[in-house]
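Beneath this line is the structure, given in structure tokens, with notes to follow.
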Amino acid sequence: MNQQVIPSPHRHVRLVRLLSDLAMIEEDWPHKDFADRLGQMLNFADSIVLADAHKVKPERGFIAVTDSCDDLKQAVLHIKSKLVSGIIQSCDPASERPKVRWPVVVADDPELKFDRFHRFYLSLQREQDLALRAVRSSGREALAGCTPQLKKLAVLDRVLEDTLWDHTARFLATVPRLLERRFDYLRAQGQSGWLDLFRKDIQSLLLAELDLRLQPVLGLVEALEREVTPKS
Numbered sequence: 001m002n003q004q005v006i007p008s009p010h011r012h013v014r015l016v017r018l019l020s021d022l023a024m025i026e027e028d029w030p031h032k033d034f035a036d037r038l039g040q041m042l043n044f045a046d047s048i049v050l051a052d053a054h055k056v057k058p059e060r061g062f063i064a065v066t067d068s069c070d071d072l073k074q075a076v077l078h079i080k081s082k083l084v085s086g087i088i089q090s091c092d093p094a095s096e097r098p099k100v101r102w103p104v105v106v107a108d109d110p111e112l113k114f115d116r117f118h119r120f121y122l123s124l125q126r127e128q129d130l131a132l133r134a135v136r137s138s139g140r141e142a143l144a145g146c147t148p149q150l151k152k153l154a155v156l157d158r159v160l161e162d163t164l165w166d167h168t169a170r171f172l173a174t175v176p177r178l179l180e181r182r183f184d185y186l187r188a189q190g191q192s193g194w195l196d197l198f199r200k201d202i203q204s205l206l207l208a209e210l211d212l213r214l215q216p217v218l219g220l221v222e223a224l225e226r227e228v229t230p231k232s
């Protein structure tokens, strides 16, 4: 069965759209443009490499060691499923053995502060980052062993990751800080079930953030799949 791991166009803006829907950011939020472009950068690099492919001289002595994208696709599907499951379990107070446990709090506790939820969110952000950096590195290895053109793309992806690392980290670091506004707003409203609503907001944001973080990896899968799929 051919499982699809390639996202639909513009799926990468889901996180920004959700932040807007929850009234956590304004239209002139300074990080908005960067977030909108982040998921497109790998595809842009991919296009440059492929458009220039006919100019690349065959690499002397190059030996292809990758002739299928199945292993990489399965690895991406596995890590995506694992991270999604981890987010859902961690955001479920009734979950028995989550890797990161939802804070045990009481909604009407006058001493309740955002700090515990901040630490919770940061823990799941770190888990996403470590897992996806590893699978992205594996993706580059797969590309580098396929064709000289994809080897060039793998090198470029490494440069992009290194170059954008600080910018991406700063952007994603704003999300838990923005969550504090949502926490303060819902708590001030004092409606029944506000904490449960906040928990669902956190889960939605974590899943949307995972969606964004996956974009470069999915771009590598797409490039490899296009190269090894027989042309009809």
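Counting from 1, position 190 in the sequence shown corresponds to residue 190 in the working numbering; the numbering is continuous, with no gaps.
Every residue gets a Cβ at the ideal spot worked out from N, C-alpha and C, and that includes glycine.
Considering only residues of the same chain and omitting the five flanking positions on each side of V135, which have a CB-CB separation below 7 Å? Translated into positions along the sequence shown, residue 135 becomes position 135. If we look at V135 and ignore the five residues flanking it on each side, its Cβ neighbours are A75, V76, I79, V217.
With distances taken between CB atoms, is the gap from P103 to F114 smaller than 8 Å? Numbered from its first residue, the sequence shown carries residue 103 at position 103. Numbered from its first residue, the sequence shown carries residue 114 at position 114. It is not a contact, given that the beta carbons lie outside the stated cut-off.
My assumption, with CB atoms under 8 Å, is that I87 sits in contact with L124. Please give the rounded CB distance. By one-based count along the sequence shown, residue 87 stands at place 87. By one-based count along the sequence shown, residue 124 stands at place 124. At roughly 6 Å, the Cβ-Cβ gap stays under 8 Å, so I87 and L124 are in contact.
Mind checking which residues open and close the alpha helix (DSSP H) that includes T174? Locating residue 174 in the sequence shown gives position 174, counting from the first residue. Element bounds for T174: 148-189.
Between R126, G193, L205, which has its C-alpha nearest K99's C-alpha? Indexing the sequence shown from 1 puts residue 99 at position 99. It is R126.
What did DSSP end up calling G139 once you bin it into helix, strand or coil? For the purposes of this step, residue 139 is taken as residue 139 along the sequence shown, with counting starting at 1. Three-state DSSP puts G139 in a helix.
In three-state DSSP terms, what is F114? The sequence position of residue 114 within the sequence shown is 114, counting from 1. For F114, the secondary structure class from DSSP, reduced to helix, strand or coil, is coil.
C-alpha gap between L19 and D211, whole angstroms: Numbered from 1 along the sequence shown, position 19 holds the residue referred to as residue 19. Numbered from 1 along the sequence shown, position 211 holds the residue referred to as residue 211. If I take the Cα positions, the gap works out to 14 Å.
For A107, tell me which candidate among L186, G139, R158, V159 has the shortest Cα-Cα distance. As a first step, residue 107 is located in the sequence shown; it is residue number 107 there, counting from the start. Considering only alpha carbons, the answer is L186.
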